[in-house]
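Novice:
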Amino acid sequence: MRPAMHFVDVANKFSCEITVTHGDNSVDGKSIMQISMLAATQGTKLCIKAQGADADEAVRALRELIEVKLFHE
Amino acid sequence: MEIKKGIAASPGIAIAEAMILDCEDYRIPRRSIKPSQRMGEILRVRNAFKQAIGDLTELEAEQGKSDAGKIKDIFAVHLRFMRDRSLRKEITDRVYSQLVAAECAVSSVLRKLATHFTNVEDAYISERAADIYDIERRLLRHLLGHQREDVEHLSQEVVIVTRELSPTQTAGFDRNYIRGIATDAGGRTSHSAIVARSLAIPAVVALEDFSEAVRPGDTVIVDGNRGIVIVDPDEGTLEEYRKSLREFTVLEQKLDTLREKPAETRDGTRIVLLGNIEFPDESEMILQKGGDGIGLYRTEFLYLNRPTEPTEQEHYDAYAKTIQAFQARPVIIRTVDLGADKHTQSRRSLKEPNPFLGLRSIRYCLQHIRMFKVQLRAILRASALGHVKIMFPLVTNLQEIRQAKLILRDVMEDLDEESIAYDPRLEVGIMIETPAAALTAASLAQESSFFSIGTNDLIQYTLAVDRGNEHVSALYSAVEPAVIRLIRTIIQDAHRHGIDVSVCGEMASEPEYIMLLVGLGIRTLSMTPPMIPEIKQMIRSVTIEDCNIVARKVLGLATERQVNSFLRSTAREVIPEAI
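Spelled out as structure tokens, the structure:
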């Protein structure tokens, strides 16, 4: 649950809408309930979409979190 | 405001906030709401989340001081869930569309989520279901108030609302805070009712689905005189009840002035008034209320609410203090009456198809002689300290008394050998609570020093009515002609053999039945301690001849209804304020 927590903490810093997709399921990237239900274990492919003013920044931050920080914990 | 009618089980009035006790932890009954209540329930959801966030923030901060990173993380995760708007929205949407109460929506949404986690194959993720249950519990705690585990640590006055109280639950009741009891099940003589009366807590039972209709924190009035409960009373009703509560206190104080006066009829016949107790600390109330001794000292409390059987010393300690406090006054100790609805820890899981016709009371003791001897030895040792009598419950034939007395003699011989003191002239009596014992009272009297009529079981076995079953409890009555005839037989046979006979069932606590019992020849009554002053007042207001006339008239009546209304109106003429 800790990775999900860090994910939503980062996502919630931005004002844009963030959608995370895994297979056919798309969920709200700011909701810990939905993110944790997505049941992403290590090595799963996630697609992150952001829409809004700070979208680019958000995607960059989340990408860095997932690819670099979370895997080193 | 909602008024609900049940059965008046213990007199008095209580006004306090409801505390709902759930038998199974947090199983939430589905409670529907009206469309107009939607906003209120949604607000309750939001408040619960807000309070839960408060708790968790505090808990997280406390952890910050120590170095428990893991635990801190758990609280941090829970906190994220509490702040998750989509979770809250799913719950409030459910309240809105399904028209269910806040706690139902919280429970079903979070349980669905937990199930989702449980079904994930990854072990780490499936274990997260535990976190979700924890989150659910925290929210429910705010929505439903404090639950069962907190009954023993109350800090404010409450009315207990529950389906049915178990003997184990009531053992831990703090009567300073529990002002009233309202239960869905039960009758006048169910366990909840007996406990309520002995603790002098107003109670109403047989309220059907009341516990599902009340919310924790709702103001509830328990009217144990009229047998009604009122939820969320309006200002007028509340004021009316506050007034009668004050009047009731005044009546009680008036009755307390009778304390030093004897329980004597107007023509000078002394009636002995004893008290029934379930726990040792109730014995004090008997003395306070001016009772003459203990007519029924129930000893089951020693076995309930604990993992092992009590030791001889534990038995002894429980009896010794009471016996010493009563000095020369009689203390009648009933040997353990386990079985049926009361079980020891080891037998709790054994199910009998028909427990009231099963292995209970003296039958149980005669099959568990080692355990029986432990209690007998403790009672005998304690008998050296005062005026003790032993009483065997639920005897059905002569053989049982002989067997029980044989075991008692065995224990006496052991004590003799060890030179341990006891009262060698200690009286041994029996309870008459089965039709079999009533009909053979003449022969049972040869082996007994006294009889005590246990009307509760005698009524249930005679009328074949389960006193705790609300569907038939209306058929349960002490004044069914069949019961009255059996009581008369018992009294006549006891008198013929020159042994004492008393009534220790609930019947002896009912002012309207006193004239009948005295008229039938009863001179000793044992009752729930708070009723002693009222019964004394009744006795002081009548003559033996009045009572004899009442008994003769009752024996000529054919139906329970006639008997009841006759006794009620007679009693009302004698002491109008108490009926």
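Protein sequences appear in the order of chains U and D. By this note's numbering, the letter at position 66 of the first sequence is numbered 150, and the numbering carries on one by one without gaps. By this note's numbering, the letter at position 466 of the second sequence is numbered 597, and the numbering carries on one by one without gaps. Every residue gets a Cβ at the ideal spot worked out from N, C-alpha and C, and that includes glycine. Keep in mind that this is a model prediction, so the values were computed, not measured.
1) I'd like to know whether the C-beta of aspartate 204 (chain D) is nearer than 8 Å to at least one C-beta of chain U.
2) Determine the contact status of valine 237 (chain D) and leucine 271 (chain D), defining contact as a CB-CB distance below 8 Å.
3) Any C-beta of chain U sitting closer than 8 Å to the C-beta of aspartate 224 (chain D)?
4) Quick one: does glutamine 135 (chain U) have its CB under 8 Å from some CB of chain D?
5) What is the DSSP secondary structure of methionine 150 (chain D), reduced to helix, strand or coil?
6) Looking only at C-alpha atoms, which of D:Glu637, D:Gly489, D:Glu413, D:Phe410 sits nearest to leucine 589 (chain D)?
7) Do the CB positions of methionine 646 (chain D) and aspartate 677 (chain D) come within less than 8 Å of each other?
8) Along the region 105-117 of chain U, where does the CB come closer than 9 Å to a CB of chain D? Name the residues.
9) Output needed in chain order: residues of the region 242-271 of chain D with a Cβ under 7 Å from some Cβ in chain U.
10) So, helix, strand or coil for valine 649 (chain D), using DSSP?
11) Just to confirm, is the Cβ distance from lysine 212 (chain D) to methionine 117 (chain U) under 8 Å?
12) Within 8 Å (strictly less), CB to CB, does valine 143 (chain U) reach chain D?
13) I'd like to check one pair, threonine 701 (chain D) with threonine 396 (chain D): are the Cβ atoms closer than 8 Å?
14) Just the Cα atoms here: how many angstroms apart are arginine 377 (chain D) and arginine 242 (chain D)?
15) Name, please, each residue of chain D whose Cβ falls closer than 7 Å to the Cβ of valine 92 (chain U).
16) Tell me the start and end of each unbroken alpha helix (DSSP H) in the region 479-526 of chain D that is at least 4 residues and wholly inside, in chain order.
17) For the candidate residues D:Pro660, D:Glu691, D:Glu370, whose alpha-carbon lies nearest to that of valine 326 (chain D)?
18) Should valine 237 (chain D) be flagged as near chain U, meaning a C-beta pair shorter than 8 Å?
19) May I have a chain-ordered list of the alpha helix (DSSP H) segments no shorter than 4 residues that lie completely inside the region 352-438 of chain D?
20) Determine the DSSP secondary structure at aspartate 138 (chain U), reduced to helix, strand or coil.
21) Contact check, glycine 406 (chain D) vs valine 353 (chain D) under 8 Å by CB: the rounded distance?
22) When the distance is taken between beta carbons, is serine 583 (chain D) closer than 8 Å to glycine 560 (chain D)?
23) At a cut-off of 7 Å, is aspartate 541 (chain D) close to the ligand GTP when judged by its beta-carbon and the heavy atoms of the ligand?
24) Select from D:Arg390, D:Gln693, D:Ile417, D:Leu427 the residue whose C-alpha is nearest the C-alpha of arginine 671 (chain D).
25) As a quick exercise: from D:Lys482, D:Asp423, D:Glu413, pick the residue whose alpha carbon is nearest that of alanine 449 (chain D).
26) Please state whether DSSP places arginine 310 (chain D) in a helix, a strand or coil.
27) Let me make sure I understand the geometry here. Which of D:Thr593, D:His628, D:His209 has the alpha-carbon closest to that of proline 612 (chain D)?
28) With H, G and I counted as helix, E and B as strand and the rest as coil, what does DSSP make of histidine 106 (chain U)?
29) Could you tell me the alpha carbon to alpha carbon distance between methionine 132 (chain D) and valine 351 (chain D), rounded to whole angstroms?
30) Can you tell me whether DSSP reads methionine 89 (chain U) as helix, strand or coil?
31) Leaving out five residues on either side along the sequence, give the residues of the same chain with a beta carbon under 7 Å from the beta carbon of glutamine 182 (chain D).
32) Who are leucine 570 (chain D)'s beta bridge partners in DSSP?
33) State the DSSP-derived secondary structure class of leucine 210 (chain D), mapped to helix, strand or coil.
34) For aspartate 423 (chain D), count neighbouring C-beta atoms within 10 Å of its own C-beta (all shown protein chains included) and say buried if the count is 16 or more, exposed if not.
35) For a contact meaning CB atoms closer than 7 Å, what does serine 99 (chain U) contact in chain D?
Specialist: Taking the geometry as given:
1) Counting from 1 along the second sequence, the entry for residue 204 (chain D) is found at position 73. Chain U, which has a Cβ nearer than 8 Å to the Cβ of aspartate 204 (chain D), makes this yes.
2) The count along the second sequence starts at 1 and reaches residue 237 (chain D) at position 106. The count along the second sequence starts at 1 and reaches residue 271 (chain D) at position 140. Yes, Cβ-Cβ distance for valine 237 (chain D) and leucine 271 (chain D) is below 8 Å.
3) Translated into the one-based positions of the second sequence, residue 224 (chain D) becomes position 93. Aspartate 224 (chain D) does not count as touching chain U.
4) Along the first sequence, read from residue 1 onward, the residue named residue 135 (chain U) stands at position 51. Not an interface residue.
5) Position 19 of the second sequence, counting from 1, holds the residue named residue 150 (chain D). Residue state, collapsed to three classes: strand.
6) In the second sequence, counting from the first residue as 1, residue 589 (chain D) sits at position 458. Cα-wise, what sits closest to leucine 589 (chain D) is D:Glu637.
7) Counted from its first residue, the second sequence places residue 646 (chain D) at position 515. Counted from its first residue, the second sequence places residue 677 (chain D) at position 546. It is a contact, given that the beta carbons lie within the stated cut-off.
8) Val111, Asp112, Lys114, Ser115, Ile116, Met117
9) Leu244, His247, Val251, Asp253, Ile256, Arg259, Asp262
10) Taking the second sequence and counting its residues from 1, the one referred to as residue 649 (chain D) is at position 518. Reduced to three states, the DSSP call for valine 649 (chain D) is helix.
11) The sequence position of residue 212 (chain D) within the second sequence is 81, counting from 1. The sequence position of residue 117 (chain U) within the first sequence is 33, counting from 1. Looking at the sequence shown, residue 212 (chain D) is not lysine but phenylalanine. Result yes, Cβ atoms of phenylalanine 212 (chain D) and methionine 117 (chain U) sit closer than 8 Å.
12) Residue 143 (chain U) sits at position 59 when you count from the first residue of the first sequence. False, the Cβ-Cβ gap to chain D never drops below 8 Å.
13) Looking up residue 396 (chain D) in the second sequence gives position 265. Looking up residue 701 (chain D) in the second sequence gives position 570. No, the Cβ-Cβ distance between threonine 396 (chain D) and threonine 701 (chain D) is not below 8 Å.
14) Here the question's residue 377 (chain D) lines up with position 246 in the second sequence. Here the question's residue 242 (chain D) lines up with position 111 in the second sequence. Between arginine 377 (chain D) and arginine 242 (chain D), the C-alpha separation is close to 47 Å.
15) Against the first sequence, residue 92 (chain U) aligns to sequence position 8. Simply Arg211.
16) 492-498, 500-514
17) Position 195 of the second sequence holds residue 326 (chain D). Measuring from the Cα of valine 326 (chain D), the nearest candidate turns out to be D:Pro660.
18) Along the second sequence, one-based indexing puts residue 237 (chain D) at 106. So no, valine 237 (chain D) is outside the interface.
19) 366-387, 414-419
20) By one-based count along the first sequence, residue 138 (chain U) stands at place 54. Of the three classes helix, strand and coil, the one that applies to aspartate 138 (chain U) here is coil, per DSSP.
21) As a position in the second sequence, residue 406 (chain D) is number 275, starting the count at 1. As a position in the second sequence, residue 353 (chain D) is number 222, starting the count at 1. That pair is no contact at about 24 Å.
22) To locate residue 560 (chain D), count along the second sequence from 1; it is residue 429. To locate residue 583 (chain D), count along the second sequence from 1; it is residue 452. Yes, the pair counts as a contact, with Cβ atoms nearer than the cut-off.
23) With respect to the ligand GTP, the structure shown offers nothing to examine, as it has no ligands at all.
24) One-based indexing of the second sequence puts residue 671 (chain D) at position 540. Measuring from the Cα of arginine 671 (chain D), the nearest candidate turns out to be D:Arg390.
25) If you number the second sequence from 1, residue 449 (chain D) lands on position 318. Of the candidates D:Lys482, D:Asp423, D:Glu413, the one whose C-alpha sits nearest the C-alpha of alanine 449 (chain D) is D:Glu413.
26) Within the second sequence, residue 310 (chain D) is the residue found at index 179, counting from 1. Strand, per DSSP.
27) Here residue 612 (chain D) is taken as the residue at index 481 of the second sequence, counted from 1. Selected option, being the one with the closest Cα: D:Thr593.
28) By one-based count along the first sequence, residue 106 (chain U) stands at place 22. Note: histidine 106 (chain U) maps to strand in three-state DSSP.
29) Here residue 132 (chain D) refers to the residue found at position 1 when the second sequence is read from its first residue. Here residue 351 (chain D) refers to the residue found at position 220 when the second sequence is read from its first residue. Taking the straight line joining both Cα atoms gives about 10 Å.
30) Translated into positions along the first sequence, residue 89 (chain U) becomes position 5. Methionine 89 (chain U): helix per DSSP, three-state reduction.
31) Residue mapping note: residue 182 (chain D) aligns to position 51 of the second sequence, counting from 1. So the list reads His273, once near-sequence residues are dropped.
32) The residue given as residue 570 (chain D) occupies position 439 in the second sequence. According to DSSP, which records beta bridges pairwise, leucine 570 (chain D) is partnered with nothing at all.
33) For the purposes of this step, residue 210 (chain D) is taken as the residue at position 79 of the second sequence. The answer is helix: DSSP assigns leucine 210 (chain D) an H, G or I state.
34) Numbered from 1 along the second sequence, position 292 holds the residue referred to as residue 423 (chain D). By the neighbour-count rule (16 or more Cβ atoms within 10 Å), aspartate 423 (chain D) is buried.
35) One-based indexing of the first sequence puts residue 99 (chain U) at position 15. Residues of chain D passing the Cβ test: none, with the nearest at roughly 14 Å.
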